[in-house]
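Comments concern the structure below.
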Amino acid sequence: MNKLPRYKGFNLLGLFVSNKSYGFFEDDFKWMSDWGFNFARIPMNYRNWCVEGRPEIEEEVLEMIDKVVVWGQKYGIHICLNIHGAPGYCVNEKTKEGYNLWKDKEPLELFVSYWQTFAKRYKGISSKHLSFNLINEPRQYSKEEMTKEDFIRVMTYTIEKIREIDKERLIIIDGVDYGNEPVFELTSLGVAQACRAYIPFELTHYKAGWVERSDKFSEPSWPLVRDNGEVIDREYLRRHYEKWTKLFDYGVGVICGEGGAYKYTSHDVVLRWLSDVLEVLKKFGIGIALWNLRGPFGIIDSERKDVEYEDFYGHKLDRKLLELLMRF
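Laid out in structure tokens, this is it:
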């Protein structure tokens, strides 16, 4: 049985893009609550608060996060803070030699200092309302960037440093291989783990400009048949997520921290694919946070060309996608 509630919600991107933070909106929390959602993951890029030569997080940014935490409690939305872009590692960038979170002391100590700042600031707020998701989507193990030993050492050290300040905080680590593989070596640490709903990748990231050669992907269908004849269907998804349920035997909770499909995948395909994803996750008792609420994966202002949008307070609302998520 999953120790985590079957959360459902969204990723909110107010501090996600490096040096382009646009903040957060109370309306988002109100709307999510009105629709029956109870979870918001907050992926953040450290460059939004990093001042060269100073390890402190800028107070202006902390006050933004304070608002999110307060709104979460006001509207019954669990807040999950995540460092998406960290010193020495970001899934969207090549790790620089000599400044590697997994191997070098300076970026690791800076990373830990950020989590200790959050631990001090929010100590006393129940883990029912707030959790820490340490780092977004570690890549596959490799000798060059991150070995298994590197990952275990960095995660263990960071968790220990948080617990020196707040022993009660709910901590979540992403699985390796971009959140697709659970890490059984860390089951003794008393932290939850997070998977992803980006399978098949050629469906979820079709024509995504930041993905190399995504414009060469075949137009997605669901179920999807790869060039080598492999069939990706609901049964494939069931087998994939079933391995995550094996963490339950160790008392480890699981959540799907991100999932969704980019705007260029046919809306009909997205709805049929996501319906199967949600049914599988629901069967296993695993919650999900859609990437994102507003934007090209989301339900508001997604810029899809094949959706009959509903006007919603001056925004374009994808009612069919919303109702599918509400049924989860």
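Under the UniProt record's numbering, the letters of the sequence shown match residues 1 to 328, in that order.
A virtual CB, placed ideally from N, CA and C, is assigned to each residue, including glycine.
In this text the structure is predicted, and so the values were computed from the model without any measurement.
{"query": "Extent of the continuous beta strand (DSSP E) to which GLN193 belongs", "result": "192-197"}
{"query": "Cutoff 8 Å; reference TYR7; Cβ partners in own chain excluding five residues on either side", "result": "ASN38, PHE39, HIS78, ILE255, GLY287, ILE288 and ALA289"}
{"query": "Close beta carbons around PHE297, own chain, < 8 Å, minus the five adjacent residues each side", "result": "GLY260, ALA261, TYR262, LYS263, LEU290 and TRP291"}
{"query": "Residue range of the alpha helix (DSSP H) that includes GLU106", "result": "105-121"}
{"query": "Cutoff 8 Å: PHE217 Cβ touching any chain B Cβ", "result": "Structure shown: chain B not included; a single protein chain is present."}
{"query": "Per-residue burial, TRP210 [other beta carbons within 10 Å of its own, 16 or more giving buried]", "result": "exposed"}
{"query": "Terminal residues of the beta strand (DSSP E) in which LEU186 lies", "result": "First-last for LEU186: undefined, no H or E at that position."}
{"query": "Beta bridge counterpart(s) of PHE39 as assigned by DSSP", "result": "GLY9 and HIS78"}
{"query": "Straight-line Cα distance separating PRO55 from LYS67", "result": "22 Å"}
{"query": "Straight-line Cα distance separating LEU325 from LEU317", "result": "13 Å"}
{"query": "GLU258, enclosing alpha helix (DSSP H) - first and last residue", "result": "Looking at the DSSP string, GLU258 is not in any alpha helix (DSSP H); the run it does join, the beta strand (DSSP E), is 254-259."}
{"query": "C-beta atoms of TYR122 and ALA86 nearer than 8 Å", "result": "no"}
{"query": "Inter-residue CB distance, THR156 and LEU134 (contact presumed, cutoff 8 Å)", "result": "11 Å between Cβ atoms; not a contact."}
{"query": "Test item: CB-CB of LEU12 and LEU278 under 8 Å", "result": "no"}
{"query": "Three-state class that DSSP yields for ILE57 in the structure shown", "result": "coil"}
{"query": "Proximal residues to LEU62 (C-beta, below 7 Å), its chain only, five neighbours per side dropped", "result": "ARG121"}
{"query": "Same chain, Cβ closer than 7 Å to GLN140, five either side skipped, listed in chain order", "result": "VAL176 and ASP177"}
{"query": "Alpha-carbon to alpha-carbon, GLY229 and TRP115", "result": "45 Å"}
{"query": "Close beta carbons around VAL225, own chain, < 8 Å, minus the five adjacent residues each side", "result": "VAL231 and ILE232"}
{"query": "Per-residue burial, ARG239 [other beta carbons within 10 Å of its own, 16 or more giving buried]", "result": "exposed"}
{"query": "Spatial distance of GLU185 from SER131 (CA atoms)", "result": "21 Å"}
{"query": "Cα-Cα separation, ASN100 to GLU106", "result": "9 Å"}
{"query": "Same chain, Cβ closer than 7 Å to SER33, neighbours up to 5 away in sequence not counted", "result": "TYR75, GLY76 and ILE77"}
{"query": "Cβ pair ILE42, TRP49 closer than 8 Å", "result": "no"}
{"query": "Terminal residues of the beta strand (DSSP E) in which ASP311 lies", "result": "310-312"}
{"query": "Integer-rounded CB distance, given that ALA192 should sit under 8 Å from GLY253", "result": "4 Å"}
{"query": "Residue nearest to LEU189 in terms of C-alpha spacing, selected from ILE171, SER302 and ASP227", "result": "ILE171"}
{"query": "C-beta atoms of CYS195 and TRP244 nearer than 8 Å", "result": "yes"}
{"query": "When LYS283, MET1, PRO5 and GLY14 are compared against GLY295, the one with the closest alpha-carbon", "result": "GLY14"}
{"query": "Simplified DSSP state of residue 330, which is helix, strand or coil", "result": "The requested residue 330 is not part of the displayed model; the chain covers only 1 to 328."}
{"query": "Element boundaries [beta strand (DSSP E), containing PHE132]", "result": "130-135"}
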